[in-house]
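Sequential numbering of the sequence shown, starting at 1, is according to this note's numbering. In this text, a Cβ means the ideal position worked out from N, Cα and C, and glycines have one as well. Structure first, then comments.
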Amino acid sequence: MAPTMWIVAGPSCAGKSTLLSSSRAGALTGLPPGTQVTNPAGLYRRTLDGDAYFHYLMLRPLKSVLKKGLSTDTATYANDRQWNWALEVDARRHCLLLVVDTATLLERVEIKWPPDAPRNAHRRKAAFWREVYPQLDLDRAYDAFRTELTAHDIDWIEIDATRSDFPVLTTA
Numbered sequence: 001m002a003p004t005m006w007i008v009a010g011p012s013c014a015g016k017s018t019l020l021s022s023s024r025a026g027a028l029t030g031l032p033p034g035t036q037v038t039n040p041a042g043l044y045r046r047t048l049d050g051d052a053y054f055h056y057l058m059l060r061p062l063k064s065v066l067k068k069g070l071s072t073d074t075a076t077y078a079n080d081r082q083w084n085w086a087l088e089v090d091a092r093r094h095c096l097l098l099v100v101d102t103a104t105l106l107e108r109v110e111i112k113w114p115p116d117a118p119r120n121a122h123r124r125k126a127a128f129w130r131e132v133y134p135q136l137d138l139d140r141a142y143d144a145f146r147t148e149l150t151a152h153d154i155d156w157i158e159i160d161a162t163r164s165d166f167p168v169l170t171t172a
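This is the structure in structure tokens:
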């Protein structure tokens, strides 16, 4: 039987890592503590060594086109090589979709990457998201990701990521 891959998806600073480090992830998925967590680069072989969580930034396609100065209308999951790797893995796929509002994301950007932090890659990430989030139609971004999940027959559980107990909002 193919392994199970739970995609843990949301915007940057939504709480994906926080959820994965808590017992709530296992309570929602049924996966045991210590289950491997892989990121997009970890799927380059297109195989899993067992059940796994896949830590995924659902805004990757948008981030890619914005960094290249292209129109956001050109952002598609079909162009995200690492998302496609996840689709090629022989696994039963499900998704925990972390839902959060723009104000919360901006607050978390400030906590994770304070403006007075030393100059490094994280500071550039913070500047990028500080600029993008206020302009981003987050509802549209969530709808696009839900459409992508539906297109690949991936069921999902929406989680309220504004709360530390990560309650379920809805399932699909």
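Closest by C-alpha distance to residue i, when choosing among the options
| i | options | result |
| --- | --- | --- |
| L19 | V37, P114 and T4 | V37 |
| T47 | P61, W85, L136 and T162 | W85 |
| A41 | P32, K68, V89 and A75 | V89 |
| T4 | T35, D51, L28 and A27 | D51 |
| A127 | K67, A14 and T76 | K67 |
Boundaries (first-last residue) of the beta strand (DSSP E) holding residue i
| i | result |
| --- | --- |
| W156 | D155 to D160 |
| V8 | T4 to G10 |
| H55 | A52 to L57 |
| T171 | V168 to T171 |
| T38 | Q36 to T38 |
Residue i, DSSP secondary structure in three states
| i | result |
| --- | --- |
| F145 | helix |
| T102 | helix |
| G26 | helix |
| T18 | helix |
| L62 | helix |
| L136 | coil |
| L97 | strand |
| L31 | coil |
| R163 | coil |
| A127 | helix |
| A75 | coil |
| W83 | helix |
| K112 | helix |
| T47 | coil |
6 Å CB neighbourhood of residue i in its chain, flanking five on each side removed
| i | result |
| --- | --- |
| I7 | F54, Y56 and C95 |
| L106 | Y133 |
| A78 | none |
| F166 | L19, R24 and I159 |
| W129 | S12 and V109 |
| T29 | W6 |
Assigned exposure category for residue i - 16 Cβ within 10 Å defines buried
| i | result |
| --- | --- |
| E148 | buried |
| I111 | exposed |
| D137 | exposed |
| P61 | buried |
| R93 | buried |
| L43 | buried |
Residue range of the alpha helix (DSSP H) that includes residue i
| i | result |
| --- | --- |
| V89 | From DSSP, V89 is part of no alpha helix (DSSP H); its letter is neither H nor E. |
Cβ neighbours of residue i in the same chain (closer than 7 Å, five flanking residues each side left out)
| i | result |
| --- | --- |
| G10 | K16, M58, L97, L98, V100 and A161 |
| A91 | A2, P3, T4, M5 and L48 |
beta-carbon residue i near the ligand COA non-hydrogen atom, thresh 8 Å
| i | result |
| --- | --- |
| G15 | With respect to the ligand COA, the structure offers nothing, as it holds no ligand at all. |
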